[in-house]
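Student:
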């Protein structure tokens, strides 16, 4: 006769009940703001595994976040966020890339803890975090949501990961939303993107602007059939913007791994006429409050945290061509050893 299972600890029981309550609440909230059902991501092909060359020391790529990281809306593996970024990394760095997708459709910033823990057990590498769309309509303070994101980034950085965060896109542009929800979705999306930018930069991550007016002017081309998730063309727009930052993170991770003294911050590169010669489309030194505004004004730009010798945090904004060629990223990019602690502590 089989023995009864051990009683569940109070802590695990509370966590399980809280997850169930969140799921019920999310479903009820979805019915209020959505015109119909959405794709659930079950048909998205699995891009996990090795990409690029068969031999050599592999770089880990962890893909974290919500349905935009899962790539709900595509049907071919080569169209997924993970596959496109992994192939770009493999080409740019000339090494194999091992892909680990921990993202889950429906995830919120508050529910990402399990993803972060699973990624941390893999060992260091490059992580991309795409989160925020499901947070927009939750009855939760956006500042609190951004603070949780900073905590996730800090945990990854403490584990040796280079982290790239993409800003919350304009959820209000989605045709799947009920009419009353669209202006609210736009306002809260923009507000969350600004707060994410500040929180992620202070925690040591690079931030990519996913501000994309094209989703309002070309909705039929850039949204999939459910009217909420991007189409392959919409995802490609996001992927082209994220790839330069992912390449920079890959260079940073490799330089620090091979030789801790080898890397340089891109802001230390020689300037010509006020701009870095690597970036003819423009680069700018900003404060964090300025970056919170520029995340909307410079679509597709990447914002890198920079620590001055005095320990003050500033931001280096790079404007890329679209799509940015892999050669646009200097192979010496790094934030230098010890900067993770300073970035996480700067306010």
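Residue numbers (the working numbering): 3 to 349.
Just so it is clear, CB atoms sit at the ideal spot from N, CA and C, and this is done for glycine as well.
Helix, strand or coil: how does DSSP classify residue 57 here?
Tutor: Against the chain shown, residue 57 aligns to sequence position 55. Here residue 57 sits in coil by DSSP.
Student: Assuming residue 304 is part of the beta strand (DSSP E), what are its boundary residues?
Tutor: What you label residue 304 is simply residue 302 of the chain shown in a count that begins at 1. That run of the beta strand (DSSP E) goes 304-309.
Student: Could you give the DSSP three-state label for residue 279: helix, strand or coil?
Tutor: Translated into positions along the chain shown, residue 279 becomes position 277. Residue confidence is low: residue 279 scores 39 on pLDDT, short of 50, so the model does not pin down where it sits. No coordinate-derived value is stated.
Student: Taking buried to mean at least 16 other C-beta atoms within 10 Å of its own C-beta, is residue 68 buried or exposed?
Tutor: What you label residue 68 is simply residue 66 of the chain shown in a count that begins at 1. With 16 or more other Cβ atoms within 10 Å, it is buried.
Student: How long is the line joining the alpha carbons of residue 301 and residue 198, rounded to whole angstroms?
Tutor: On the chain shown, residue 301 is found 299 positions in, with the first residue counted as 1. On the chain shown, residue 198 is found 196 positions in, with the first residue counted as 1. Distance between the alpha carbons of residue 301 and residue 198 is about 15 Å.
Student: By Cβ distance, which residues of its chain are closer than 6 Å to residue 195, with the 5 residues on each side in sequence left out?
Tutor: On the chain shown, position 193 is the one that residue 195 refers to. For residue 195, where only same-chain residues beyond five positions count, the Cβ hits under 6 Å are 169, 170 and 297.
Student: Measuring only the C-alpha atoms, how far is residue 246 from residue 258?
Tutor: In the chain shown, the residue the question calls residue 246 occupies position 244. In the chain shown, the residue the question calls residue 258 occupies position 256. Approximately 18 Å between the Cα atoms of the pair.
Student: Nearest to residue 244 by alpha carbon, out of 116, 112 and 65?
Tutor: Taking the first residue of the chain shown as 1, we reach residue 244 at position 242. It is 65 whose Cα lies nearest to the Cα of residue 244.
Student: With contact counted as at least three CB pairs below 8 Å, one residue from each stretch, are the region 201-213 and the region 143-158 in contact?
Tutor: yes
Student: Let me check understanding here. Comparing Cα to Cα, which of 183, 221 and 129 lies closest to residue 61?
Tutor: Translated into positions along the chain shown, residue 61 becomes position 59. Among 183, 221 and 129, the Cα nearest to that of residue 61 belongs to 129.
Student: In three-state terms, what does DSSP make of residue 221?
Tutor: Taking the first residue of the chain shown as position 1, residue 221 is located at position 219. It is helical.
Student: Where do the N-terminal and C-terminal ends of the beta strand (DSSP E) with residue 288 fall, by residue?
Tutor: Position 286 of the chain shown, counted from the first residue, corresponds to residue 288. Counting along the chain, the beta strand (DSSP E) containing residue 288 begins and ends at 285-288.
Student: Spatial neighbours of residue 115 within its chain, please: C-beta separation below 8 Å, excluding the five flanking residues on both sides.
Tutor: Within the chain shown, the letter at position 113 stands for residue 115. Cβ within range, chain order: 154.
Student: Take residue 234 and list the residues in its own chain whose beta-carbon comes closer than 7 Å to its own, dropping the five residues that flank it on each side.
Tutor: If you number the chain shown from 1, residue 234 lands on position 232. 76 and 81.
Student: Can you give me the start and stop residues for the beta strand (DSSP E) that residue 315 sits inside?
Tutor: Reading the chain shown from its first residue, position 313 is the one you call residue 315. In the DSSP assignment, residue 315 falls within the unbroken beta strand (DSSP E) covering 315-320.
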